[in-house]
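Q:
Residue numbers (the numbering used here): 18 to 328.
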């Protein structure tokens, strides 16, 4: 019997005494918050200004969908989550919520979010949300995560789709601008998670997850982190030359990209067992992505205010 089967046998047949806080934790609120924020930026930078009530409904549905994907991820990954210090206290492996409850919770929220977005906002956005949930749960969680060191590269597409969903909710289409936002998150994901994988090497090894450092080695992972940072930095500037951000955004995003490259270089140049640069890059990468999208949002609001004041 596999570890996963024994875990489900032990916990799947009883009822839990979970609190509301436990179910909220099941939604992966940090990941959900990132998805909601990037979706909101995608919605706001779109050329069509939505009705505020419809916009709130759209963001709410995207938030619920992101949380549903997190719940289904925790349901399926409870066996390996129990083996890693970073995830052992999650609701399912800790026993606060049973696997059956997590599965049912995730499925109900998935259906609710997609139907709400489709009926009240638009079916293109709803279809993209449904695909995102499917991709994250089935393609990434059930297949890629346990089978290939490229898991986070391919699987990162799910985390990169929220701004495209937001844009589609506003416009009913998928624009080049939204694909640029997708590309920024997509290229950001590998160096972000591989930095984490470097200093959590032992956790992933214990769980048998083929993360890049565990398969290709630390030296190769450091080189790939640096290579991705070299590609990411100029991509982060693209909203400016493509005309949906100002030169001020271009300058600031270029500076942030240079900082990313510098932090990645320090990871590359660090001695083999020195993990402080990887921890610093991991923290900087979170700041980088938040700052890029926050600056784009502020730039859009400021530009529209100037246009309105001038005419």
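Where is the CB? At the ideal position from N, CA and C, for every residue including glycine. Nothing here was measured: the structure is a model prediction, and the numbers come from that model.
(1) Please name the residue in 183, 188, 214 and 210 whose C-alpha comes closest to that of residue 199.
(2) List in chain order: all unbroken alpha helix (DSSP H) runs of 4+ residues lying wholly within the segment 270-312.
(3) Select from 127, 45 and 57 the residue whose C-alpha is nearest the C-alpha of residue 91.
(4) Between which two residues does the alpha helix (DSSP H) harbouring residue 47 extend?
(5) On the DSSP letters alone, give me the boundaries of the alpha helix (DSSP H) that residue 43 sits inside.
(6) Buried or exposed: which applies to residue 237, given that a residue is buried once 16 or more other Cβ atoms fall within 10 Å of its Cβ?
(7) What is the DSSP secondary structure of residue 257, counted as helix, strand or coil?
(8) Would you mind reading off the limits of the alpha helix (DSSP H) that contains residue 348?
(9) Does residue 106 come out as helix, strand or coil in the three-state DSSP assignment?
(10) Residues in its own chain within less than 7 angstroms of residue 266 by CB, not counting five upstream and five downstream?
(11) Leaving out five residues on either side along the sequence, give the residues of the same chain with a beta carbon under 7 angstroms from the beta carbon of residue 269.
(12) Check whether the segment 206-221 and the segment 288-299 are in contact - that is, three or more C-beta pairs closer than 8 angstroms.
(13) Who are the Cβ neighbours of residue 20 in its own chain at under 6 angstroms, not counting the five residues just before and after it?
(14) According to DSSP, is residue 230 helix, strand or coil?
(15) For residue 65 and residue 213, I'd like the C-alpha separation in whole angstroms.
(16) Assuming residue 42 and residue 108 are in contact, meaning their beta carbons sit under 8 angstroms apart, how far apart are those beta carbons, in whole angstroms?
(17) Would you check if the segment 48-68 and the segment 172-189 touch, i.e. whether three or more CB-CB distances between them fall below 8 angstroms?
(18) Indicate, with yes or no, if the ligand HEM has a heavy atom lying under 7 angstroms from the CB of residue 135.
(19) Use the C-beta contact count for residue 101: other C-beta atoms within 10 angstroms, 16 or more gives buried, fewer gives exposed.
(20) Between residue 142 and residue 129, how many whole angstroms is the CB-CB distance? I'm expecting something under 8 angstroms.
(21) Cβ atoms of residue 99 and residue 187: under 8 angstroms apart, would you say?
(22) Between residue 168 and the rest of its own chain, which residues show a CB-CB distance below 6 angstroms, the 5 nearest in sequence each way excluded?
(23) Grab the span of the alpha helix (DSSP H) containing residue 331 for me, first residue to last.
(24) Using 10 angstroms around the beta-carbon of residue 23, count the other beta-carbons present and answer buried if the total reaches 16, otherwise exposed.
(25) If you pair each beta-carbon of the segment 115-123 with each one of the segment 76-88, do three or more pairs fall below 8 angstroms?
A: To lay it out plainly:
(1) Looking at 183, 188, 214 and 210, the one whose alpha-carbon comes closest to that of residue 199 is 183.
(2) none
(3) 45
(4) 46-62
(5) 37-43
(6) exposed
(7) coil
(8) What the structure shows of the chain is the stretch from 18 to 328, and residue 348 is not part of that stretch, so it cannot be assessed.
(9) coil
(10) 256, 257, 312, 313 and 316
(11) Close CB contacts of residue 269 within its chain, under the 7 angstroms cut and outside five residues either way in sequence, are with 312 (chain order).
(12) yes
(13) With a pLDDT of 48 at residue 20, under the threshold of 50, the modelled position of that residue is not reliable, and no figure is offered here.
(14) In this structure, residue 230 counts as helix in the three-state DSSP scheme.
(15) When rounded, the separation of the alpha-carbon atoms in residue 65 and residue 213 is 38 angstroms.
(16) 5 angstroms
(17) yes
(18) Judged by which ligands are present, the structure shown has none, so any question about the ligand HEM falls away.
(19) Buried, by the Cβ-count rule.
(20) With a Cβ gap of about 15 angstroms, residue 142 and residue 129 do not count as contacting.
(21) no
(22) 161 and 162
(23) There is no way to answer for residue 331, as the model of the chain reaches only from 18 to 328.
(24) The pLDDT assigned to residue 23 is 49, lower than 50, so where the model puts this residue is not dependable; a value taken from the coordinates is nonetheless given after this. Counting Cβ neighbours within 10 Å, residue 23 comes out exposed, since fewer than 16 surround it.
(25) yes
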